[in-house]
Amino acid sequence: MTDSHLTRRTLLRYGAYGAGAAALAGTAASWDRLTGADIPGRDDGSLVVATLGPAYGPEAVRTLTEGFKKVHPDIKLRINAVQAVDWSDFFAKILTQIAAGTAPDLVYVATEGVQLFAQRLGVPLDDWVKRDAEELREYFADVHPSLVESMMYEGSLYQLPVEFNAADIYLNTQVLRRAGAGFPAADWTRDDFTALLRDMKKSSGSQFTPYFWTNRLWGGVVPWLFANDTNLLAESKAPGGAWLWDSFYPAGQRQGRGGGFRWTTPQATDARVEEAYDYLASLIQEGLCTRPEGGNGQNLIGVFSTGRVGVTPAGGFWAGGLHLAGMKADGFDVQYFPRWRTQRMQYGAAGYALLRTSKKQQEAWEFIKYAARRDTLMRLFETNQTTPARRSMLTADRYRETGPNHWQVFYDTLDKFPDTGPIPAPPQVAEVEQVLLKHTGTALASRRAVAPALRRMQSDLEKAMERDV
């Protein structure tokens, strides 16, 4: 996330998911590394922050530690970049550290883990936010309320979002020209999208794939569910949160906000869910996209940058990733996800969660505030490897070198579409995700396979949601 030398690994930021149970099964082989037993000075009294290793390289760690030391010279800070292949693997390793009695004080947590950590491990930030309200007023004024709400659980705030990525649509401009197609309008529809894919297919060779997407929770089938005005799990809002909304947001922005999202009853057999899957199956049948691959789409940047893929869902992190891969700023562009019954879009966000086991909670709060400062994020996100949570950071100058031309789309996905929301991530997200990935692959084998696969998905989701985390 914050290393300018990540290239393809940068693209793992959102959507690189795996099986948490499988990750836990492999922990014994590297116990010292997981528990931190091999870290020199592990018990030196430092405030310990755990981050996802591929996202935080040495340069990012240095930026955070040196900057924090200038502001708080009395607080010793250590950042542990835990090496993990994805968020699920990372969370599994953090749980192992906690079980071993070597828990960090703070953990960098994405949407996928917000409710899991809040329910079992996290400390609500409410009292500190109220105490330091004047200091934080500038922060909240610069951050969309939807991002903040995604970090709430049952009325309390557990993280300050520092970054997010919405699933917008990236288009290869070379492929657009080859198809004789113009850049799509902001209010383009699902039918416009299908027509564009057909034009791309007609003008390209047999090795070309108009639309490519990976089978995952973020950017997989979920954006199509949102566009068709449905979701994998029934969605509602928890009560509460007025203490925050009334303090920091004007009436227009706090309207309809609550105490965080709730995802409850599985609805895989809902008619609109089946309709979305049938549409994707029809694209595969017509040769407009391939059956979705599992994993993190690690090879996607190569096929997109060389013109073998026309469009794909991705977030602001791809601006930096494509630039690092050698694409010129005018070689690609970005537009909102197409409209179907609605043009509601999905995102994932991230911030620092404070663990209940921490004995340095006040110091940890100071780090949370420091990490959300604009000057801190300006230094961390120089290479456009993510979308900053702070609206003021998205400027023409920031995207002049990397592109895309329509960079405003990244934050306007929130500002112009206020119902855009987070991916469905209840505390049981690990099991929910595994069920989704398994049955999505089966459902899209053919159009006839959709309904029976969704019935099996519904049954497995019901079992997953009944389990205690």
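FYI, numbering that gives the first Met the number 0 numbers position 389 of the sequence shown as 388, with every residue one higher than the one before it. Idealized CB from N, CA, C, for every residue including glycine.
Original post:
Hey, residue 476 and residue 209: beta-carbon distance below 8 Å or not?
Top reply: This structure cannot speak to residue 476, because the chain is shown only from 0 to 468.
Original post:
Rounded to a whole number of angstroms, what is the C-alpha to C-alpha distance between residue 347 and residue 108?
Top reply: Using only the alpha carbons, I get a separation of about 11 Å.
Subject >> Segment contact, 8 Å Cβ cut-off, at least three pairs: the segment 252-259 with the segment 425-436 >> reply: With fewer than three CB-CB distances shorter than 8 Å, the segment 252-259 does not count as touching the segment 425-436.
Original post:
Residues in its own chain within less than 7 Å of residue 445 by CB, not counting five upstream and five downstream?
Top reply: 280.
Subject >> Completely contained beta strand (DSSP E) runs for the segment 175-241, where each covers 3 or more residues >> reply: You should have 208-210 and 232-236.
Subject >> Alpha-carbon spacing of residue 142 relative to residue 411, whole angstroms >> reply: The straight-line gap from Cα to Cα measures roughly 12 Å.
**OP:** Using three-state DSSP, classify residue 45 as helix, strand or coil.
**Re:** Looking at residue 45 - three-state DSSP - the assignment turns out to be coil, as it is neither helix nor strand.
**OP:** Whole angstroms is fine: what's the gap from residue 362's alpha carbon to residue 372's?
**Re:** In a straight line, the C-alpha of residue 362 is about 16 Å away from that of residue 372.
Original post:
Considering only residues of the same chain and omitting the five flanking positions on each side of residue 246, which have a CB-CB separation below 7 Å?
Top reply: Cβ within range, chain order: 132.
Original post:
Using 8 Å as the threshold, is the segment 405-425 in touch with the segment 349-365, meaning 3 or more CB pairs across them?
Top reply: No, the segment 405-425 is not in contact with the segment 349-365.
Original post:
Between the C-alpha atoms of residue 156 and residue 428, what's the straight-line distance to the nearest angstrom?
Top reply: Linking residue 156 to residue 428 through their CA atoms gives a straight-line distance of about 19 Å.
**OP:** Using alpha carbons as the reference points, say which of 128, 239, 240 and 221 lies closest to residue 231.
**Re:** Cα-wise, what sits closest to residue 231 is 221.
Subject >> Chain-order list of residues whose beta-carbon lies under 6 Å from that of residue 276 (same chain, five-residue window excluded) >> reply: Closer than 6 Å at the Cβ level, and outside the excluded window around residue 276, lie 442 and 449.
**OP:** Taking all protein chains shown into account, decide if residue 463 is buried (16 or more other Cβ within 10 angstroms of its Cβ) or exposed.
**Re:** So residue 463 ends up on the buried side.
Original post:
Measuring CA to CA, which of 93, 129, 196 and 291 is closest to residue 240?
Top reply: Here the closest residue by C-alpha is 129.
Original post:
Hey, quick one: how far does the beta strand (DSSP E) through residue 78 stretch, first residue to last?
Top reply: Where residue 78 is concerned, the enclosing beta strand (DSSP E) stretches over 76-81.
**OP:** Could you check the C-alpha separation between residue 334 and residue 167 for me, to the nearest Å?
**Re:** Here the alpha carbons of residue 167 and residue 334 stand approximately 6 Å from one another.
Original post:
Ordered along the chain, which non-local residues of its own chain (more than five positions away) have a Cβ less than 7 Å from that of residue 33?
Top reply: Note on residue 33: pLDDT 39, under 50, position unreliable in the model; the coordinate value appears next. Result list for residue 33: 26, 92, 95 and 96, in chain order.
Original post:
Shortest alpha-carbon distance to residue 177 belongs to which of 201, 329 and 52?
Top reply: When only C-alpha atoms are compared, the closest one is 201.
Original post:
Excluding the five sequence neighbours on either side, which residues of its own chain have a C-beta within less than 6 Å of the C-beta of residue 391, listed in chain order?
Top reply: Correct list, in chain order: 141.
Original post:
In chain order, what residues of the same chain lie with their CB nearer than 8 Å to the CB of residue 400, ignoring the 5 residues before and after it?
Top reply: Exclusion of the five residues before and after residue 400 leaves 322 and 328 as the residues of its chain whose Cβ lies within less than 8 Å of its Cβ.
Original post:
Can you round the beta-carbon distance between residue 389 and residue 226 to whole angstroms, since I take them to be within the 8 Å contact cut?
Top reply: Rounded, the Cβ-Cβ distance is 27 Å, inconsistent with contact.
Original post:
So, are the CB atoms of residue 332 and residue 405 less than 8 Å apart?
Top reply: Inclusion of residue 332 and residue 405 in the CB contact set at 8 Å is warranted, their separation being smaller than that value.
Original post:
The beta strand (DSSP E) spanning residue 348 covers which residue range?
Top reply: 345-353 is the span of the beta strand (DSSP E), which, as asked, contains residue 348.
Original post:
Which runs of the alpha helix (DSSP H) spanning at least 4 residues fall entirely within the segment 269-293, listed in chain order?
Top reply: As far as the segment 269-293 is concerned, its whole alpha helix (DSSP H) runs of at least 4 residues are 270-284.
**OP:** In the DSSP assignment, find the beta strand (DSSP E) that holds residue 366 and state where it starts and stops.
**Re:** Looking at the DSSP string, residue 366 is not in any beta strand (DSSP E); the run it does join, the alpha helix (DSSP H), is 360-370.
**OP:** Could you check the C-alpha separation between residue 172 and residue 377 for me, to the nearest Å?
**Re:** Put simply, the backbone Cα of residue 172 is about 29 Å away from that of residue 377.
Original post:
Between residue 46 and the rest of its own chain, which residues show a CB-CB distance below 8 Å, the 5 nearest in sequence each way excluded?
Top reply: Around residue 46: 74, 75, 76, 77, 104, 105, 359, 362, 363 and 366.
**OP:** Within 10 angstroms of the Cβ of residue 181, are there 16 or more other Cβ atoms? Answer buried if so, exposed if not.
**Re:** Exposed, since its Cβ has fewer than 16 Cβ neighbours within 10 Å.
Original post:
Distance, Cα to Cα, residue 24 vs residue 461?
Top reply: Confidence at residue 24 is low in this model, with a pLDDT of 28, below 50, so its placement is unreliable and no value can be given for it.
Original post:
Can you tell me where the beta strand (DSSP E) with residue 122 in it begins and where it stops?
Top reply: Residue 122 -> no beta strand (DSSP E), and no H or E assigned at all.
Original post:
For residue 493, which three-state DSSP category applies?
Top reply: No answer is possible for residue 493: it lies beyond the span of the chain, which begins at 0 and ends at 468.
Original post:
So residue 300 packs on residue 320, CB below 8 Å; how close in whole Å?
Top reply: The beta-carbon separation of residue 300 and residue 320, rounded to 6 Å, stays under the 8 Å limit for a contact.
Original post:
Contact check, residue 385 vs residue 316 under 8 Å by CB: the rounded distance?
Top reply: Contact flag correct, Cβ pair sits at about 5 Å.
Original post:
Excluding five sequence neighbours on each side, which residues of the same chain lie with their C-beta closer than 8 Å to the C-beta of residue 198?
Top reply: Result list for residue 198: 178, 179 and 180, in chain order.
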